[in-house]
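J.: Converting from the first sequence to my numbering requires adding 1 to each position, the first position being numbered 1.
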Amino acid sequence: MALISFIKNIIEKSLLELNFPVKEQTIDIPKEEKFGDYSSNIAMLLTKELKKAPRIIAAEIIEKLEYDKSRISKIEIAGPGFINFFINDAFYTDEIPIVLELGDNFGKSEKNKGKKANLEWVSANPTKPLHAGHGRQICLGKSIANLLEWSGFELTREYYYNDAGNQMTLLAKSVKARYEQIFDENYPFPEDGYQGNYIKDIAEVIRLEKGDSFRGTDELDYFRKKGEEYNFESIKSTLVELGIKHDIFFNESSLYSEGTIKNIIDEFSKAGLTYEKDGAIWLKLEKEQEHQKDKVIVKASGEPTYRLPDMAYHINKIKRGYDLIVDIFGSDHGETYREVLKGISSLGYDTSGINVIIHQMVTFKSGNESVKMSGRFGTFYALDDLISDIGKDAVQFFFIMRSAGSHLDFDIELAKDESDKNPVYYLQYAHARICGILRNAGELMEDFENKKIDFSLLKEKDEIDLIKILLQFPLEVESAAYSLEPHKIITYLNQVAENFHRFYRNCRVINIENKPLSFARLGLALSAKQILKNGFHILGISAPERMEKLP
RNA sequence: GCGCCCGUAGCUCAGCCGGAUAGAGCAACAGCCUUCUAAGCUGUGGGUCAGUGGUUCGAAUCCACUCGGGCGUACCA
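Put into structure tokens, the structure is as follows:
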């Protein structure tokens, strides 16, 4: 952590002394331990300018290095000219009390303290319950929200929804048709109507309330209202089930009622960016290439296209003064966000604070069978069903375990499998195992609380390896938050679990014969528990105290 | 046609703002339970990083082209 900047510093001092140019170097943690704890590539970067072999440059730099020998035990030149630093174990063991003291806050950063961020996601219109495919965006957003908070942002969780327009009218007509069909099964159903069985449920509710009083009437508003309520309640209860609570539900219709949409049309036309063609208003978009087309913002019917309120909404968010605005969309919306950003930047708004995450689609399979997601035939795989099939933790974990940019193959059978095959359990089991140790520590634990613990007793390779991994946690959080990629935390926690399991296997924690060592190891186990717990919290999965042994 | 994303072990995927012998989980094979949960640990096998060319001291990573897959390319949202 602080060591990286320390190493950078002493190298730069040495460069100045040698009259070498000071270049931006990378200090990283080598994959192989024989290359030390930290590594600099500075010598290779200077070869061209200095016209000398990198290993010779490295030797000259090392010659002039001034450093604290109690922290750095060895410096070596390796390979093509890497300068490798080896850190004393004592430096690492000294950090354990800090982990324990910070506890649930270890890993939180103040880097973005005082900055405001807005995350908008889910944003499904209340025309149908959430389906399994929505899960990816929902779970990604949940973890990203946590990452943003851990990196210091003051976060607003926002949901943008639209309860007006064609879709809602179609919903109303669909419900109305199902209602009529209760009395007359030959009543026609709208051609593109919503096919799902939930429509029949809504119709049945209305029949219970109102009997046949709407039969044969032109009433639609009531059907619309009931349909919206039902769907929105369904969506919200699924989100609650997954532990997600939005701070703001931003209603698209407010953009109309407050005149924002009208204003933005005026702004566009004042800026000379619009023209009329075929009765519609078109927006001139900046084109990098010849074939790109202008887009309609107001239809010949006088209604705006979806682009316009989207632009108005983003301008609204910019005006609210966020330092960072994050949107999460599926890849099927990949094109529209580009248009939206182009449109509002052509009005002079600064879009640099807007960060759009586009995630690829999900394919569900059960073993080798693919699972149909299509809503066209009335049966779709609801997110609620997925949750009850495999459990919350598995849902959350599976949806975020891969980077957003790659296709996700969601194997329901694997997610459901309560065995060592299931990657969720590998992590959770490490936590449960530590809890087991603590339960067994008994009276040792009481002494532990009052003792000053000598962590320098931790000398085994498995102990030191574990500490090194644990101490990387804050950096991992920072990096995952910066790139908005929660799967990085999973990759990291896998290393933690792996190192813990090895430590567990080779270093017995509870040993009445050697209390000082037991205390030190208990402290280490507690640190590991804390980091797993903090990591799980970011991911949005639970930290089980015990997991039943398989038969 | 054009745009965006993807192509890495038998499978699912990390790694991608260039770095040392390309990694993990699952699957396969061989070991490890008288001591804190074996949902664990140790070891073995498995690769033309889709292909071709380029840039570089150095390319899975950057650039160009080709091939293959997904998603877009609405006066639907």
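Every residue gets a Cβ at the ideal spot worked out from N, C-alpha and C, and that includes glycine.
(1) In whole angstroms, what is the alpha-carbon distance linking Leu409 and Ile359?
(2) With which residues is Val297 paired in a DSSP beta bridge?
(3) What does DSSP give as the partner residues of His132 in its beta bridges?
(4) To the nearest angstrom, report how far apart Leu485 and Ile145 are at their CA atoms.
(5) Mark His292 as exposed unless 16 or more other C-beta atoms lie within 10 angstroms of its C-beta, in which case mark it buried.
(6) Quick one: using the 10 Å Cβ neighbour count with 16 as the cut-off for buried, is Asp421 buried or exposed?
(7) My output table needs one value for Ser371: the three-state DSSP class, helix, strand or coil.
(8) What residues in its chain sit with their C-beta under 8 Å from that of Ala91, if we drop five residues either side in the sequence?
(9) Enumerate in chain order the residues of its own chain whose CB-to-CB distance from Tyr276 is below 6 Å, with the five nearest sequence positions on each side excluded.
(10) Take the Cβ of Asp105 as the centre, count every other Cβ of all protein chains shown within 10 Å, and call the residue buried at 16 or more, exposed below.
(11) Could you spell out the range, first to last residue, of the beta strand (DSSP E) harbouring Asn119?
(12) Are the CB atoms of Phe400 and Pro424 nearer to each other than 9 Å?
(13) With the cut-off set at 9 Å, would you say Leu439 and Leu523 are in Cβ contact?
(14) Could you tell me how far apart the beta carbons of Leu243 and Lys143 are, in whole angstroms, since I believe they sit closer than 8 Å?
(15) Report all residues from its chain with a CB closer than 6 Å to the CB of Tyr180; omit the five preceding and five following residues, and keep chain order.
(16) Mapping DSSP to helix, strand and coil, what is Leu221?
(17) Around the C-beta of Gly464, are 16 or more other C-beta atoms found within 10 angstroms, so that it is buried, or is it exposed?
(18) Could you please give me the residues that DSSP links to Leu156 through a beta bridge?
(19) Identify which residue in Glu102, Asn264, Tyr493, Thr306 has its Cα closest to the Cα of Leu527.
(20) Which one of Met402, Ala405, Ile413 has the shortest CA to CA distance from Ile1?
(21) Can you have a look at Arg509 and say buried or exposed, based on whether 16 or more other CB atoms are within 10 angstroms of its CB?
(22) Determine whether the beta carbon atoms of Arg137 and Ala405 lie at a separation below 9 Å.
(23) Which whole-angstrom value is the C-beta distance of Gly536 and Leu494, which I expect to be below 8 Å?
(24) Assess contact between the segment 70 to 87 and the segment 37 to 46, defined as three or more Cβ pairs (one per stretch) separated by less than 8 Å. Is contact present?
(25) Near Leu472, which residues of its chain fall below 6 Å by C-beta distance, leaving aside the five closest residues on each side in sequence?
(26) For the putative contact between Lys129 and Tyr199, defined by C-beta atoms under 8 Å, what is the C-beta separation to the nearest angstrom?
(27) Within 10 angstroms of its Cβ, does Phe378 collect 16 or more other Cβ (buried), or is it exposed?
(28) Considering only the alpha carbon of each residue, which of Lys174, Ile43, Ser110 lies closest to Glu25?
(29) So is Gly228 buried or exposed if we call it buried at 16+ other beta carbons inside 10 Å?
(30) Taking the alpha carbon of Met312 as the reference point, which residue from Asp351, Ile183, Ala281 has its own alpha carbon closest?
(31) Leaving out the 5 sequence neighbours to the left and right, which residues in its chain are closer than 6 Å to Asp328 when beta-carbon positions are compared?
(32) Checking 9 Å against the spacing of the C-beta atoms, do Arg308 and Glu340 come in under that value?
(33) Ile345 to Tyr382, Cα distance in whole Å?
(34) Along the chain, where does the beta strand (DSSP E) that runs through Asp328 open and close?
(35) Consult DSSP for Val363 and reduce its assignment to one of helix, strand or coil.
(36) What residue does the alpha helix (DSSP H) around Leu274 start on, and which one ends it?
T.: Looking at the coordinates:
(1) Answer to the nearest angstrom: the Cα atoms are 13 Å apart.
(2) Under DSSP, Val297 shares a beta bridge with Trp283.
(3) Per DSSP, Ala383.
(4) Distance between the alpha carbons of Leu485 and Ile145 is about 6 Å.
(5) Exposed, because fewer than 16 other Cβ atoms sit within 10 Å of the Cβ of His292.
(6) Residue environment: Asp421 is assigned as exposed (fewer than 16 neighbouring CB atoms within 10 Å of its CB, all protein chains considered).
(7) Ser371 falls in the strand class under three-state DSSP.
(8) Correct list, in chain order: Ser71, Ser457.
(9) If you ignore the 5 residues before and after Tyr276, its C-beta comes within less than 6 Å of the C-beta of Trp283, all in its own chain and listed in chain order.
(10) Exposed, since its Cβ has fewer than 16 Cβ neighbours within 10 Å.
(11) Counting along the chain, the beta strand (DSSP E) containing Asn119 begins and ends at 117 to 121.
(12) The answer is no: Cβ separation not under 9 Å.
(13) Contact flag set, yes.
(14) Their Cβ separation, rounded to whole angstroms, is 7 Å, which keeps Leu243 and Lys143 in contact under 8 Å.
(15) Excluding sequence neighbours, Tyr180 sits near Ala204, Ile207.
(16) Secondary structure of Leu221 (DSSP, three-state): coil.
(17) Checking the sequence, you will find Glu at residue 464 rather than Gly. By the neighbour-count rule (16 or more Cβ atoms within 10 Å), Glu464 is buried.
(18) DSSP, once it has assigned bridges, lists Ala118 as partnering Leu156.
(19) For Leu527, the nearest C-alpha among the options comes from Glu102.
(20) Because the chain here runs from 2 to 552, residue 1 falls outside it and cannot be looked at.
(21) Per the 10 Å Cβ criterion, exposed.
(22) Taking 9 Å as the Cβ cut-off, Arg137 and Ala405 qualify as a contacting pair.
(23) The beta-carbon separation of Gly536 and Leu494, rounded to 5 Å, stays under the 8 Å limit for a contact.
(24) The segment 70 to 87 vs the segment 37 to 46: in contact.
(25) Excluding residues within five positions, the ones whose Cβ falls inside 6 Å are Glu96.
(26) Rounded, the Cβ-Cβ distance is 7 Å, consistent with contact.
(27) Note that Phe378 scores a pLDDT of 42, beneath 50, so its modelled location is shaky; the value from the coordinates is reported in the next line. By the Cβ neighbour-count rule, Phe378 is exposed, with fewer than 16 other Cβ atoms within 10 Å of its own.
(28) Relative to the Cα of Glu25, the nearest Cα in the group Lys174, Ile43, Ser110 belongs to Ile43.
(29) Classification of Gly228: buried, given that the 10 Å Cβ count is 16 or more.
(30) Distance from the Cα of Met312 is smallest, within the candidate group Asp351, Ile183, Ala281, for Asp351.
(31) Closer than 6 Å at the Cβ level, and outside the excluded window around Asp328, lie Glu121, Val357.
(32) Taking 9 Å as the Cβ cut-off, Arg308 and Glu340 qualify as a contacting pair.
(33) So the two alpha carbons sit approximately 37 Å from each other.
(34) Counting along the chain, Asp328 sits inside the beta strand (DSSP E) bounded by residues 325 to 331.
(35) Residue state, collapsed to three classes: strand.
(36) Unbroken run through Leu274: none, as it is neither H nor E.
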